[in-house]
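Residue numbers (this note's numbering), protein chains in the order written: chain A, 5 to 256; chain B, 10 to 273.
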Amino acid sequence: MALIVVEDVTVDFPIYGFQKSFRKEIFVRAIGGLIRREGRNSSRVTVQALENVSLKLGDGDRLGILGANGAGKSTLLRVLAGVYAPTAGRVLIEGRVSPLFNTSPGLDMDDTGYENIWTCGLFLGMTREEIAGKMAEIADFTELGDYLALPVRTYSTGMLARLGFAIATAIDPEILLLDEGLGAGDARFAERAKKRVDALVERSNVLVLASHSEGLIHSMCNRAVLLHGGRVVTAGGVEEVIEAYRRMNAAG
Amino acid sequence: MMPQYEVALADFAEGISAWRMWGRLGWQEIKRRYRRTVIGPFWTTLSLGVFIVVLGIVWAQLWRQDPKAYLPFLCAGMLAWTMVAGIITEGCMAFVAGEGLIKQLRFPHSILSCSVAWRNLVVFLHNLVIFAAIAVYAGVPVTPASLLVVPGLVLVWVNGVWVATVLGMACARFRDVQQVITSVLQISMFVTPIFFTPDQLGPRFEGFVDFNVLFHYVDIVRSPLLGRAPATWSWTVTIAGTILGWGFTLWAYGRYRGRLPYWL
Numbered sequence: 005m006a007l008i009v010v011e012d013v014t015v016d017f018p019i020y021g022f023q024k025s026f027r028k029e030i031f032v033r034a035i036g037g038l039i040r041r042e043g044r045n046s047s048r049v050t051v052q053a054l055e056n057v058s059l060k061l062g063d064g065d066r067l068g069i070l071g072a073n074g075a076g077k078s079t080l081l082r083v084l085a086g087v088y089a090p091t092a093g094r095v096l097i098e099g100r101v102s103p104l105f106n107t108s109p110g111l112d113m114d115d116t117g118y119e120n121i122w123t124c125g126l127f128l129g130m131t132r133e134e135i136a137g138k139m140a141e142i143a144d145f146t147e148l149g150d151y152l153a154l155p156v157r158t159y160s161t162g163m164l165a166r167l168g169f170a171i172a173t174a175i176d177p178e179i180l181l182l183d184e185g186l187g188a189g190d191a192r193f194a195e196r197a198k199k200r201v202d203a204l205v206e207r208s209n210v211l212v213l214a215s216h217s218e219g220l221i222h223s224m225c226n227r228a229v230l231l232h233g234g235r236v237v238t239a240g241g242v243e244e245v246i247e248a249y250r251r252m253n254a255a256g
Numbered sequence: 010m011m012p013q014y015e016v017a018l019a020d021f022a023e024g025i026s027a028w029r030m031w032g033r034l035g036w037q038e039i040k041r042r043y044r045r046t047v048i049g050p051f052w053t054t055l056s057l058g059v060f061i062v063v064l065g066i067v068w069a070q071l072w073r074q075d076p077k078a079y080l081p082f083l084c085a086g087m088l089a090w091t092m093v094a095g096i097i098t099e100g101c102m103a104f105v106a107g108e109g110l111i112k113q114l115r116f117p118h119s120i121l122s123c124s125v126a127w128r129n130l131v132v133f134l135h136n137l138v139i140f141a142a143i144a145v146y147a148g149v150p151v152t153p154a155s156l157l158v159v160p161g162l163v164l165v166w167v168n169g170v171w172v173a174t175v176l177g178m179a180c181a182r183f184r185d186v187q188q189v190i191t192s193v194l195q196i197s198m199f200v201t202p203i204f205f206t207p208d209q210l211g212p213r214f215e216g217f218v219d220f221n222v223l224f225h226y227v228d229i230v231r232s233p234l235l236g237r238a239p240a241t242w243s244w245t246v247t248i249a250g251t252i253l254g255w256g257f258t259l260w261a262y263g264r265y266r267g268r269l270p271y272w273l
């Protein structure tokens, strides 16, 4: 049983030390957000990343979040993950949330593959028993064999991606949050990876996927919202929202 | 901003009970620093050991003290100071260093402060080797009071967690704080009776030591190592520090925990 209720959520990012690298910070935080000055002498600069966003999701919902860069997609995902407490509004989440923004949190280049499976697994919310139980399956999927006993700094980029992917997709999420989908490795691996992601999505109760790829959203979601400048512009069926996204892009 | 204390308490309860997590983090961090070195964490031990022995012999001469009395005193003091100062300086970076995790995942951030305190305790235990060697050489007595080192260390750890939390938050918001703390600590090392005993200060200044909080945290570890019970006043100050510190931390953490990811 999983439930997400987002009511009138607003997120303002304070910008600190903007005199030093104001431009840089703005670009990093949000391209397209609303920049405002607050407080006495307008000394506090904030970027509004989300404004009055409301959502309600339950079991079986597969929500796609569409929008251009800086529309607030990632911020919304991070609000759902419980990383950012909203500046205003209310978020209610029931169920275990698994954010897969970075497939291997806590990864240490000097640790072996096996050690990293432990660390990342713990950070992704798995219990020791779960990790121990899934170790063989994870190791098998990576196809890394004896390399797993070596420090991961000896891995190629592709091997590292495969390891991270295998760990991340081993979880049993109730609410799965994905940023731009998950990808890993060469063409042959991509086929197996797709099956694994499908299985992961299949066993999660709720999926929230942020992307600007219409195809990805079309294939994985059954509902969608379109964000622009931190606001929900359109919400509803996938087709309808993709249509609105296209119109918005065409209008520039 | 409703039930702030509850939010903070829940976070700490969850964080502290996740000992496997912070235990692992602290341990990995130590391993990371000494990767591919032959004697690993004992490098700190070695350099600290040489420092203590050389300085101890020279200063025992300068101040016309018996090296067999001065060396154990200096050693126990330095070890305790290294731990206390380590928790304070590394506590400043507790959350800044954990930025990647804090911005990705929802987890009790107090895990990071527990790990800082734990890591420094582990380093202290490594360094005890130096003290063991010096204690054998100087014949430091092992008495029932020696056992008090256990509550002493527990107290340092418990305080370390709140110190790392408060400083970690302060440094995440105001990056200048760390510079201030580092300079203050550098001076404190010479003002706190580690290289000298409080009574060497003479009757006029001796009393000031009672107000030096850092001295008392050093003392509750140092005195038991030397086979003596710490002064009642040291227990009083450190226990009062624990209560006041935690009270303040629960308030501050409850109020600002939600803002922490925005500061990073």
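Glycine is no exception: its CB is placed at the ideal position from the N, C-alpha and C atoms.
Return the CA-CA distance between leucine 167 of chain A and alanine 19 of chain B, expressed in angstroms with no decimal places.
33 Å
So valine 9 of chain A is in the beta strand (DSSP E); what residue range does that whole segment cover?
Start and end: 7–19.
Alpha carbon of isoleucine 120 of chain B to alpha carbon of glutamine 209 of chain B, nearest angstrom
41 Å
Give the range of the beta strand (DSSP E) segment to which aspartate 144 of chain A is assigned.
Taken as a continuous stretch (DSSP letters only), aspartate 144 of chain A belongs to no beta strand (DSSP E), being part of the alpha helix (DSSP H) at 132–146.
Give the interface partners of glycine 110 of chain A over in chain B, defined as CB-CB distance under 7 Å, in chain order.
Leu110
Please return the same chain residues whose Cβ sits closer than 6 Å to the Cβ of arginine 235 of chain A, not counting the five positions on each side in sequence.
Glu55
Alpha carbon to alpha carbon, how far is alanine 22 of chain B from glycine 125 of chain A?
21 Å
For arginine 33 of chain B, the first and last residue of its enclosing alpha helix (DSSP H)
28–42
Going by beta-carbon coordinates alone, are valine 212 of chain A and leucine 67 of chain A separated by less than 7 Å?
yes
Rounded separation between glutamate 15 of chain B and threonine 14 of chain A - CA only:
Each residue's Cα considered, the two are about 24 Å apart.
So with CB distances below 8 Å, who are the chain A contacts of methionine 87 of chain B?
What methionine 87 of chain B touches in chain A: nothing, since even the nearest Cβ is about 30 Å away.
C-beta neighbour in chain A for methionine 30 of chain B, strict 7 Å:
yes
For leucine 194 of chain B, which of B/Trp171, B/Ser56, B/Leu223, B/Lys77 has the nearest alpha-carbon?
By alpha-carbon distance to leucine 194 of chain B, the top candidate from B/Trp171, B/Ser56, B/Leu223, B/Lys77 is B/Leu223.
At which residues does the alpha helix (DSSP H) containing serine 102 of chain A begin and terminate?
Run containing serine 102 of chain A: none in the alpha helix (DSSP H); it sits in the beta strand (DSSP E), 101–104.
9 Å Cβ cut-off: residues of chain A touching tyrosine 262 of chain B:
Chain A residues near tyrosine 262 of chain B: none, gap ~13 Å exceeds 9 Å.
Name the DSSP beta bridge partners of valine 210 of chain A, please?
A/Ile179
Would DSSP call glutamine 52 of chain A helix, strand or coil?
strand
What residues of chain A sit near glycine 35 of chain B, judged by a beta carbon separation below 8 Å?
Chain A residues near glycine 35 of chain B: none, gap ~13 Å exceeds 8 Å.
Going by DSSP in three states, threonine 53 of chain B sits in which element: helix, strand or coil?
helix
State the Cα-Cα distance for the pair alanine 144 of chain B and isoleucine 61 of chain B, rounded to the nearest angstrom.
13 Å
So, is phenylalanine 26 of chain A buried or exposed, given that buried needs 16 or more other C-beta atoms within 10 angstroms?
Note that phenylalanine 26 of chain A scores a pLDDT of 49, beneath 50, so its modelled location is shaky and nothing firm can be said.
Going by DSSP, which residues form a beta bridge with valine 262 of chain A?
A question about residue 262 of chain A goes unanswered here, because the residues of chain A that appear run from 5 up to 256.
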